[in-house]
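Each remark here refers to the structure printed beneath this line.
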Amino acid sequence: MQNILQAHPAGTIDPVFAANGQMDLGALQAIRESSRSGEIKVLGLDGQKEEFEAIRADGTTVWARLNETLDIVPTRVSFGPRG
0 MQNILQAHPA GTIDPVFAAN GQMDLGALQA IRESSRSGEI KVLGLDGQKE
50 EFEAIRADGT TVWARLNETL DIVPTRVSFG PRG
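What the sequence shown shows, in numbering that gives the first Met the number 0, is residues 0 to 82, in sequence order.
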(Lines of atoms letter the chains of each structure in order from A; the text may use other names.)
(Lines give C-alpha, C1' and ligand atoms only; values in the text may rest on other atoms or scores of the structure.)
Protein backbone atom coordinates (compact mmCIF):
# COMPACT_ATOMS: atom_id res chain seq x y z
CA MET A 0 0.00 0.00 0.00
CA GLN A 1 2.88 2.35 0.72
CA ASN A 2 4.11 1.98 -2.88
CA ILE A 3 0.63 2.69 -4.23
CA LEU A 4 0.31 5.81 -2.08
CA GLN A 5 3.71 7.06 -3.25
CA ALA A 6 2.86 6.41 -6.90
CA HIS A 7 -0.53 8.15 -6.75
CA PRO A 8 -0.66 11.72 -5.43
CA ALA A 9 -3.32 13.07 -3.10
CA GLY A 10 -6.76 13.19 -4.66
CA THR A 11 -6.20 10.31 -7.09
CA ILE A 12 -7.30 7.39 -4.87
CA ASP A 13 -10.87 7.21 -3.55
CA PRO A 14 -11.56 3.84 -1.91
CA VAL A 15 -9.32 0.87 -1.20
CA PHE A 16 -10.95 -2.57 -1.23
CA ALA A 17 -9.20 -5.03 1.09
CA ALA A 18 -9.78 -8.75 0.55
CA ASN A 19 -9.46 -9.55 4.26
CA GLY A 20 -9.07 -7.97 7.66
CA GLN A 21 -5.28 -8.08 7.76
CA MET A 22 -5.06 -6.30 4.41
CA ASP A 23 -7.63 -3.78 5.63
CA LEU A 24 -5.56 -2.98 8.71
CA GLY A 25 -2.31 -2.81 6.72
CA ALA A 26 -3.82 -0.42 4.19
CA LEU A 27 -5.25 1.68 6.99
CA GLN A 28 -1.86 1.90 8.71
CA ALA A 29 -0.12 2.97 5.48
CA ILE A 30 -2.82 5.59 4.81
CA ARG A 31 -2.49 7.00 8.32
CA GLU A 32 1.33 7.08 8.10
CA SER A 33 1.09 9.02 4.83
CA SER A 34 -1.28 11.56 6.47
CA ARG A 35 -4.06 10.79 3.97
CA SER A 36 -6.70 9.47 6.40
CA GLY A 37 -9.33 12.03 5.49
CA GLU A 38 -8.89 11.36 1.78
CA ILE A 39 -9.10 7.57 1.34
CA LYS A 40 -11.70 5.15 2.68
CA VAL A 41 -10.94 1.45 3.21
CA LEU A 42 -13.56 -1.25 2.66
CA GLY A 43 -12.81 -4.40 4.65
CA LEU A 44 -14.55 -7.75 4.81
CA ASP A 45 -13.91 -9.77 7.91
CA GLY A 46 -15.21 -7.66 10.77
CA GLN A 47 -12.32 -8.38 13.12
CA LYS A 48 -12.25 -6.65 16.50
CA GLU A 49 -9.27 -4.58 15.32
CA GLU A 50 -11.25 -3.37 12.30
CA PHE A 51 -14.07 -2.12 14.53
CA GLU A 52 -11.52 -0.37 16.74
CA ALA A 53 -10.08 1.33 13.64
CA ILE A 54 -13.54 2.55 12.64
CA ARG A 55 -14.09 4.01 16.09
CA ALA A 56 -10.66 5.67 16.07
CA ASP A 57 -11.10 7.95 13.06
CA GLY A 58 -13.79 6.70 10.69
CA THR A 59 -11.31 5.97 7.90
CA THR A 60 -12.50 2.39 7.49
CA VAL A 61 -15.86 1.75 5.86
CA TRP A 62 -16.68 -1.78 6.95
CA ALA A 63 -19.04 -4.25 5.30
CA ARG A 64 -19.68 -7.84 6.30
CA LEU A 65 -19.71 -9.18 2.73
CA ASN A 66 -18.67 -12.71 3.70
CA GLU A 67 -22.09 -13.47 5.21
CA THR A 68 -23.90 -11.88 2.29
CA LEU A 69 -22.01 -14.00 -0.22
CA ASP A 70 -22.94 -17.15 1.72
CA ILE A 71 -26.63 -16.22 1.80
CA VAL A 72 -27.13 -15.24 -1.86
CA PRO A 73 -26.94 -18.75 -3.41
CA THR A 74 -29.45 -20.03 -0.84
CA ARG A 75 -31.90 -17.24 -1.62
CA VAL A 76 -31.52 -17.88 -5.33
CA SER A 77 -32.16 -21.61 -4.86
CA PHE A 78 -35.06 -21.37 -2.44
CA GLY A 79 -36.51 -17.93 -3.13
CA PRO A 80 -39.97 -17.27 -4.57
CA ARG A 81 -40.55 -18.44 -8.11
CA GLY A 82 -42.36 -16.20 -10.49
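Note that beta-carbon positions come from the ideal geometry of N, C-alpha and C, so glycine has one too.
For residue i, which option in the options has the closest C-alpha, if you only look at C-alpha atoms?
i   : options            : result
E50 : I39, F16, L24, S34 : L24
F16 : G10, L27, H7       : L27
Q22 : Q47, S34, H7       : It should be noted that the sequence gives Met, not Gln, for residue 22. Nearest of Q47, S34, H7 to M22, Cα basis: Q47.
R45 : H7, A53, E38, G20  : The question names Arg, but residue 45 is Asp in the sequence shown. The option with the nearest alpha carbon to D45 is G20.
Give the range of the alpha helix (DSSP H) segment to which residue i is assigned.
i   : result
G25 : 20 to 32
L4  : 1 to 6
Start and end of the beta strand (DSSP E) containing residue i?
i   : result
G43 : 40 to 43
Any idea if residue i is buried or exposed, counting beta-carbon neighbours within 10 angstroms, 16 or more meaning buried?
i   : result
A18 : exposed
A56 : exposed
G43 : buried
A9  : exposed
A29 : buried
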